[in-house]
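Structure first, commentary second.
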Amino acid sequence: MGRVAVLTTGGTVAMRYDPEAGGPIPLLSPEELTASLPPGAPELALEAICNLPSSHFTVETLWRIRERAAAWAADPGVDGVVITHGTDTLEETAYLLDLTVPGETPIVVTGAMRSASDPGYDGPANLWASIRVAASPQARGLGALVVLNDEIHAARFVTKMDTLSTATFQSPGWGPLGRVEGDQVYIPWRLEREVIPCRRLEERVALIKLGVGMPPDPLEDALRRGVRGVVLEGLGGGRIPPWWLPTIERAVAEGVIVVVASRCPGGRVWDAYGYRGAHRTLRELGCLFSPHLNGQKARVRLMVVLGSADSPEEVARLWKRRAATE
Ligand code: ASP
Numbered sequence: 003m004g005r006v007a008v009l010t011t012g013g014t015v016a017m018r019y020d021p022e023a024g025g026p027i028p029l030l031s032p033e034e035l036t037a038s039l040p041p042g043a044p045e046l047a048l049e050a051i052c053n054l055p056s057s058h059f060t061v062e063t064l065w066r067i068r069e070r071a072a073a074w075a076a077d078p079g080v081d082g083v084v085i086t087h088g089t090d091t092l093e094e095t096a097y098l099l100d101l102t103v104p105g106e107t108p109i110v111v112t113g114a115m116r117s118a119s120d121p122g123y124d125g126p127a128n129l130w131a132s133i134r135v136a137a138s139p140q141a142r143g144l145g146a147l148v149v150l151n152d153e154i155h156a157a158r159f160v161t162k163m164d165t166l167s168t169a170t171f172q173s174p175g176w177g178p179l180g181r182v183e184g185d186q187v188y189i190p191w192r193l194e195r196e197v198i199p200c201r202r203l204e205e206r207v208a209l210i211k212l213g214v215g216m217p218p219d220p221l222e223d224a225l226r227r228g229v230r231g232v233v234l235e236g237l238g239g240g241r242i243p244p245w246w247l248p249t250i251e252r253a254v255a256e257g258v259i260v261v262v263a264s265r266c267p268g269g270r271v272w273d274a275y276g277y278r279g280a281h282r283t284l285r286e287l288g289c290l291f292s293p294h295l296n297g298q299k300a301r302v303r304l305m306v307v308l309g310s311a312d313s314p315e316e317v318a319r320l321w322k323r324r325a326a327t328e
């Protein structure tokens, strides 16, 4: 086995019970996190990027993780990169890395659902599986992967499905790309990768989830605050109530990019309906679509695209580049 960089950022995987806080908080150093790995582990290069619950991450934190992961991935002396991370926002970081870090070096994001003070702490098993995937030749060229519970998921499709289960990461409708099985890293599928050369993340992107009968107030508020983009998590296949359409029209006229995703965890944003607020109307209004990315990942993609493009045409081109598969 070669050399793997392990970058730590906090999360439950780095947490231990703290009597003063009255619960687990991020306390473990990279050395403590990796102390219990079995013999035969590759040589590790350790770096602590931060030690936070992932709900405390800012967009700046996200970008810092991206920059450090990209730097390690470009190091010819490193076979793979593992990032330990809180599970709450893990899928967003993994997707950002997948979309923006070039090259063949595997990047594996992992975490744990139980802290080091809990019986059945899943941190060491997830970390060990992730290091093995990161060091494996099969993982090269697949972009960012999420490894927990011995499953290997594509960053593009994976999502946190359960607030408590150790099997929380799933790829609804697609399934895992592979598995860690005993002494084998088994990845039967290949994915075509897409990388957007990204200079920065545009922070002024809102994510709005729709509910039945909801007025368009959150979109009005977002426009008042000067957002540059907004992702609407629409109903079913991306349907938006007709009384939202004038606000959407105004947003598009003001140059705000409006992306329609779905609030459903699986399936594609598309339909053939003829009624107002369905796909056809939204397309005619100038909305972009997120066929398969969930709302939180569509927001990351829009932050990347708006941070990379210099014109509205470029935004649409970058957004749609792989619209068919995302
Ligand atoms: N609260 C944790 C976080 O930092 C949850 C976890 O890691 O599982 O996201």
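Position in the sequence shown counted from 1, then plus 2, gives you the working numbering.
Beta carbons are placed, not taken as given, at the ideal position from N, Cα and C, and that holds for glycine.
None of the values given here were measured: they were computed from a predicted structure.
- Taken through DSSP and simplified to helix, strand or coil, Gly125 comes out as helix.
- At the C-beta level, Leu150 and Ala141 stay beyond 8 Å of one another.
- Counting along the chain, the unbroken beta strand (DSSP E) around Arg181 starts and ends at 180 to 183.
- The Cβ-Cβ distance between Ile210 and Leu179 does not fall below 8 Å.
- The alpha carbon of Thr249 has as its nearest neighbour, out of Val229, Arg241, Pro218, Val233, the alpha carbon of Pro218.
- For Asp20, the beta-bridge partners assigned by DSSP are Gly25.
- Counting along the chain, Leu193 sits inside no beta strand (DSSP E), nor does DSSP assign it H or E at all.
- Within the chosen limit of 7 Å, ligand 1 does not reach the beta carbon of Val160 with any heavy atom.
- When beta bridges are read from the DSSP output, Ala136 appears opposite no residue.
- Looking only at Ala118, Val262, Arg206, the smallest Cα-Cα distance to Leu30 is reached by Ala118.
- DSSP places Gly236 in the strand class (E or B) of the three-state scheme.
- The C-alpha of Glu22 is placed about 48 Å away from the C-alpha of Glu194.
- The Cβ atoms of Thr102 and Ile198 sit closer than 8 Å to each other.
- At least one heavy atom of ligand 1 lies closer than 7 Å to the C-beta of Val15.
- For Gly309, the enclosing alpha helix (DSSP H) starts and ends at 297 to 310.
- Judged by pairs of C-beta atoms under 8 Å, the stretch 31 to 38 does not touch the stretch 65 to 80, as fewer than three such pairs exist.
- Assigned with DSSP and collapsed to three states, Leu290 falls in strand.
- Boundaries of the beta strand (DSSP E) harbouring Ile85: 82 to 86, taken from the DSSP string.
- The stretch 82 to 100 makes no contact with the stretch 275 to 286; the number of CB pairs closer than 8 Å stays below 3.
- Apart from sequence neighbours up to five positions away, the residues of its chain that approach Gly79 with a beta-carbon distance below 8 Å are Arg5, ordered along the chain.
- When the beta-carbon positions are compared, Lys162 and Leu54 stay at least 8 Å from each other.
- When the five nearest sequence neighbours on each side are left out, the beta carbons in the same chain lying within less than 6 Å of the beta carbon of Gly297 are those of Leu209, Val233, Glu235, Ala263, in order along the chain.
- Collapsing the DSSP output to three states places Glu69 in a helix.
- Glu153 has Leu150, Arg181 as its beta-bridge partners, per DSSP.
- Residue burial is scored here from C-beta neighbours: Asp124 has at least 16 other C-beta atoms within 10 angstroms and is therefore classed as buried.
- DSSP lists no beta-bridge partner residue for Arg265.
- Gly240 sits close to Val271, with the two beta carbons spaced by under 8 Å.
- The straight-line gap separating the alpha-carbon atoms of Val260 and Leu98 is approximately 20 Å.
- Between Ala136 and Ala43, the alpha-carbon positions lie close to 12 Å from each other.
- Between the alpha carbons of Met305 and Arg230 lies a gap of roughly 9 Å.
- A residue is called buried when at least 16 other Cβ atoms come within 10 angstroms of its Cβ; Asp100 meets this threshold and is buried.
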